[in-house]
Amino acid sequence: GEDVEQSLFLSVREGDSSVINCTYTDSSSTYLYWYKQEPGAGLQLLTYIFSNMDMKQDQRLTVLLNKKDKHLSLRIADTQTGDSAIYFCARARDTDKLIFGTGTRLQVFP
Amino acid sequence: DAGVIQSPRHEVTEMGQEVTLRCKPISGHNSLFWYRQTMMRGLELLIYFNNNVPIDDSGMPEDRFSAKMPNASFSTLKIQPSEPRDSAVYFCASKRQENTEAFFGQGTRLTVV
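Chain order of the listed sequences is A and B.
Mapping the first sequence onto my numbering, position 14 (from 1) lands on 14, and the numbers just tick up by one.
So the number in my numbering is just where the residue sits in the second sequence, counting from 1, plus 110.
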């Protein structure tokens, strides 16, 4: 199937870590992505990981991939109010179409 | 580069009218995608093109929806006739076919009353 699932909401205190989770069903997915959408804007690529990797770190962002369980997570360290947005998980086979999850709305409070 | 350019940014139309959404991809990108975003269904892929050729239109909801890409720098998504349930934000995205990152436009917010 093409389902990519995420929880709808996450609320964290400023300075804490945020962990956004995603599960997918298509085991042939080669690339897994995290996109960020700020209010009234399009989607911006944050990071991506190849399916043969299990971790990728980029500054405050850490992506973990459990290929066996088809589970992807995005950890944001030292979450700031500017991180408040909707975060989308997406998958693709090779470099063709992206299939997105429902998005997780992250709210950061002081 | 100005990025992916969509027009209009907002469209309000009456039920039954024809609506045309426009997209200019980033120069040099040969893959183009149309997505629809709603609260209920999230981001749905409607159709995508490689080298101006439609590759997968299985996400197009009904025959009322059609998309064209007459050249590498322009694409349209047309809804005729429009219905209130078509109200959504429509995004266009483009990328180089061999690359991983897709770049999104700002979207067109369509309201059908």
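We put the beta carbon where it would ideally sit given N, CA and C, even for glycine.
Fair warning: this is a prediction, and the values are worked out from it, not measured in the lab.
Per DSSP, reduced to three states, the secondary structure at residue 81 (chain A) is helical. Identification of chain A residues near residue 158 (chain B) by a Cβ-Cβ cut-off of 7 angstroms yields 97, ordered along the chain. Using a Cβ-Cβ distance cut-off of 8 angstroms, the stretch 170–183 of chain B and the stretch 118–127 of chain B are not in contact, since fewer than three pairs of beta carbons, one from each stretch, lie closer than that value. Cβ neighbours of residue 103 (chain A) within its own chain (closer than 6 angstroms, five residues either side excluded): 86, 88. Rounded to the nearest whole angstrom, the CA to CA distance from residue 132 (chain B) to residue 213 (chain B) is 16 angstroms. For residue 128 (chain B), no beta strand (DSSP E) encloses it, and the DSSP letter there is neither H nor E. Inclusion of residue 25 (chain A) and residue 71 (chain A) in the CB contact set at 8 angstroms is not warranted, their separation being larger than that value. For residue 107 (chain A), the enclosing beta strand (DSSP E) begins and ends at 104–109. With contacts defined as CB atoms closer than 8 angstroms, residue 110 (chain A) and residue 38 (chain A) fail to qualify as a contacting pair. Where residue 21 (chain A) is concerned, the enclosing beta strand (DSSP E) starts and stops at 18–24. By the beta-carbon neighbour count (other beta carbons within 10 angstroms, threshold 16), residue 146 (chain B) is buried. In this structure, the alpha-carbon of residue 19 (chain A) lies about 10 angstroms from that of residue 61 (chain A).
A contact between stretches requires three or more CB pairs, one per stretch, nearer than 8 angstroms, and the stretch 28–46 of chain A fails this requirement with the stretch 5–13 of chain A. Setting aside the 5 residues that flank it on each side, residue 183 (chain B) is surrounded in the same chain by 134, 135, 137, each with a C-beta closer than 8 angstroms to its C-beta; the list follows chain order. The contact set of residue 102 (chain A) on chain B, defined by CB atoms closer than 9 angstroms, consists of 151, 152, 153 in chain order. Nearest to residue 193 (chain B) by alpha-carbon distance, out of B:210, B:221, B:205, is B:221. From the listed residues A:101, A:99, A:91, the smallest Cα separation to residue 49 (chain A) is found for A:91. Look at the stretch 36–62 of chain A: the residues with a C-beta under 7 angstroms from a C-beta of chain B are 41, 42, 43, 45, 48.
Under DSSP, residue 164 (chain B) takes part in a beta bridge, and its partners are B:159. Membership of residue 180 (chain B) in the beta strand (DSSP E) is indicated by the continuous run 175–181. Annotated as distal: residue 154 (chain B) and residue 45 (chain A), with beta-carbon spacing of 8 angstroms or more. For residue 55 (chain A), the pairing in a beta bridge is given by DSSP as A:64.
Within its own chain, the residues whose Cβ lies closer than 6 angstroms to the Cβ of residue 219 (chain B), once the five positions on either side in sequence are excluded, are 120, 199, listed in chain order. Chain A has a Cβ within less than 8 angstroms of the Cβ of residue 201 (chain B).
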